[in-house]
Amino acid sequence: AAEAAAAQAQAAAGLGSVARLMAVPEDSRGVAWLRSALQVAVGLELATIPPYLCGWWSVKDQRSEVARMIRRIVGDEMYHLGIVCNLLVAVGGRPQIKAAAPVYPGPLPGGVRAGVTVYLSGLTRPFVRDVMMAIEAPEVSLARSVQPSPTVGEFYEGMLGAFRAVRPDLATRGQVTQHIDTDELRPVRTLDDVEHAIEIIREQGEGTESSPTDSFSDDRPAHYYAFGEIYHGRALRETDDGWRYVGPPVPFPDVRPMAPVPVGSWRNTSAHVGGLLFRFDAMYSTVLDSLDAAWAGGGHRTLGAGIRTMRGLQKPAVELMETRNPYVPGTYGPQFRALHRRLPAS
Numbered sequence: 001a002a003e004a005a006a007a008q009a010q011a012a013a014g015l016g017s018v019a020r021l022m023a024v025p026e027d028s029r030g031v032a033w034l035r036s037a038l039q040v041a042v043g044l045e046l047a048t049i050p051p052y053l054c055g056w057w058s059v060k061d062q063r064s065e066v067a068r069m070i071r072r073i074v075g076d077e078m079y080h081l082g083i084v085c086n087l088l089v090a091v092g093g094r095p096q097i098k099a100a101a102p103v104y105p106g107p108l109p110g111g112v113r114a115g116v117t118v119y120l121s122g123l124t125r126p127f128v129r130d131v132m133m134a135i136e137a138p139e140v141s142l143a144r145s146v147q148p149s150p151t152v153g154e155f156y157e158g159m160l161g162a163f164r165a166v167r168p169d170l171a172t173r174g175q176v177t178q179h180i181d182t183d184e185l186r187p188v189r190t191l192d193d194v195e196h197a198i199e200i201i202r203e204q205g206e207g208t209e210s211s212p213t214d215s216f217s218d219d220r221p222a223h224y225y226a227f228g229e230i231y232h233g234r235a236l237r238e239t240d241d242g243w244r245y246v247g248p249p250v251p252f253p254d255v256r257p258m259a260p261v262p263v264g265s266w267r268n269t270s271a272h273v274g275g276l277l278f279r280f281d282a283m284y285s286t287v288l289d290s291l292d293a294a295w296a297g298g299g300h301r302t303l304g305a306g307i308r309t310m311r312g313l314q315k316p317a318v319e320l321m322e323t324r325n326p327y328v329p330g331t332y333g334p335q336f337r338a339l340h341r342r343l344p345a346s
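Position one of the sequence shown corresponds to residue 1 (the numbering used here), numbered consecutively onward.
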């Protein structure tokens, strides 16, 4: 028990790097290893949501094709976060979600996709390429070559292998059932459930080795290829030379020009902007607290409350994105800073 607690605490503190975890021999990856790896996965899934939300909220016409594509992917990522939290609870752990909240700009948690800097910005083609596509890049792209680098999919494959080897008892108590966007989060009870859950995460994010449109629910492209359609401005189609972005046009939308959030966050802001930033961060912190509480026994009601609060983040975010920044070209935007200290009541 002490070993497991130490492993989980190490991962929650950002010390359980993917490289270190994957360097552990496969025959030495026990339940404690799974808990540590799943906590890193919690951080990975959480890290994708703020940049995707910024890209989505910056699109002026929320009915546009691109806005709908990004909104769908945000829902998938929230679902993936729920899956890894249920998996962690199933093997006797407790997700540390707020503790895993990353600071932007910065690397992906655990050292996955080394060299990728995740920053927050309005939707631009460089942002799509350097953040969105870089996060989701598969081991071998079906549409272009990529530099060899540890991927999210490889990490999940390692976890699946450990589940298969260890075959741990899976506890359902504390897991959460919840409707998340178009998906239904359910408890994992068997090894088959584990395999299905991890394959959902891998295939929705990267696609399969044979097709970017393989999916458990529909024929929409995996996240990497959907972002590729936005970047290239064309739908992905299979040709005699393989998969290429040569399909119908995907028009790049009119966006609010949110400037990239700088290192150390926005500075020298007006009282109005400072108030909006604090309001947003306080609401975001409430979301994270609700997620922690949901997997600490609060269940679906607490998770539902957190999801409702998350929807409310859009209003202050858009107001920031419509406020001109006098120091750099563009406008302000949310920083997604988790507030860890309770302020005294006024």
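By construction, the Cβ of each residue, glycine as well, lies at the ideal position given by its N, Cα and C atoms. Note that the structure is a prediction, hence the values are computed from the model and not measured.
How is residue i classed by DSSP in three states: helix, strand or coil?
| i | result |
| --- | --- |
| Thr-39 | Residue identity check: residue 39 is Gln in the sequence provided, not Thr. In this structure, Gln-39 counts as helix in the three-state DSSP scheme. |
| Asp-193 | helix |
| Thr-286 | helix |
| Val-166 | helix |
| Leu-303 | helix |
| Glu-238 | strand |
| Val-128 | helix |
| Pro-316 | helix |
| Ile-180 | strand |
| Pro-51 | helix |
| Leu-276 | helix |
| Val-59 | strand |
| Trp-266 | coil |
| Leu-44 | helix |
| Pro-248 | coil |
| Thr-309 | helix |
| Gly-174 | coil |
| Pro-253 | coil |
| Gly-110 | helix |
| Val-261 | coil |
Quick one: what's got a C-beta closer than 7 Å to residue i's C-beta in the same chain, skipping five residues either side?
| i | result |
| --- | --- |
| Gly-299 | Val-176 |
| Asp-181 | Gly-75, Met-78 and Tyr-79 |
| Leu-53 | Val-74 |
| Pro-50 | Tyr-104, Leu-120 and Phe-336 |
| Val-263 | Pro-105 |
May I have the straight-line CA-CA distance separating residue i from residue j, to the nearest angstrom?
| i | j | result |
| --- | --- | --- |
| Leu-276 | Ala-293 | 26 Å |
| Val-42 | Arg-244 | 33 Å |
| Ala-162 | Val-287 | 31 Å |
| Pro-329 | Pro-107 | 24 Å |
| Arg-354 | Gly-55 | Any question about residue 354 goes unanswered here, given that the chain covers just 1 to 346. |
| Asp-193 | Ile-200 | 11 Å |
| Ala-171 | Gly-93 | 10 Å |
| Val-31 | Pro-168 | 7 Å |
| Ala-11 | Leu-38 | In this prediction, Ala-11 scores a pLDDT of 42, lower than 50, which makes its location untrustworthy; the coordinate-derived value is nonetheless stated afterwards. Each residue's Cα considered, the two are about 9 Å apart. |
| Glu-195 | Ala-271 | 50 Å |
| Arg-301 | Arg-113 | 35 Å |
| Met-283 | Arg-308 | 11 Å |
| Asp-130 | Thr-48 | 13 Å |
| Gly-297 | Tyr-327 | 46 Å |
Are the beta-carbon atoms of residue i and residue j separated by less than 7 Å?
| i | j | result |
| --- | --- | --- |
| Trp-295 | Val-89 | yes |
| Met-321 | Gly-333 | yes |
| Leu-303 | Gln-178 | yes |
| Ser-121 | Met-310 | no |
| Gly-111 | Ser-28 | no |
| Leu-123 | Ser-64 | no |
| Val-128 | Tyr-224 | no |
| Arg-202 | Gly-153 | yes |
| Gly-306 | Ser-290 | yes |
| Val-246 | Arg-256 | no |
| Thr-323 | Val-273 | yes |
| Val-24 | Trp-33 | yes |
Leaving out five residues before and five after residue i in sequence, what residues of the same chain have Cβ atoms less than 6 Å from its Cβ?
| i | result |
| --- | --- |
| Asp-254 | Lys-60 |
| Ile-198 | Tyr-156 and Leu-160 |
| Asp-281 | Arg-337 and Leu-339 |
| Gly-158 | Met-22 |
| Phe-227 | Val-128, Met-132 and Met-133 |
By Cβ distance, which residues of its chain are closer than 8 Å to residue i, with the 5 residues on each side in sequence left out?
| i | result |
| --- | --- |
| Ala-66 | With the sequence shown as reference, residue 66 is identified as Val, and Ala is not the correct amino acid for it. Excluding positions up to five away in sequence, the list reads Val-59, Leu-123, Ile-230, Val-250, Pro-251, Phe-252 and Pro-253. |
Q. Taking contact to mean at least 3 C-beta pairs separated by less than 8 Å, is the stretch 84-104 in contact with the stretch 307-323?
A. no
Q) Do the stretch 94-104 and the stretch 35-53 meet, that is, are 3 or more Cβ pairs less than 8 Å apart? A) Yes: the two stretches touch, three or more of their Cβ pairs being nearer than 8 Å.
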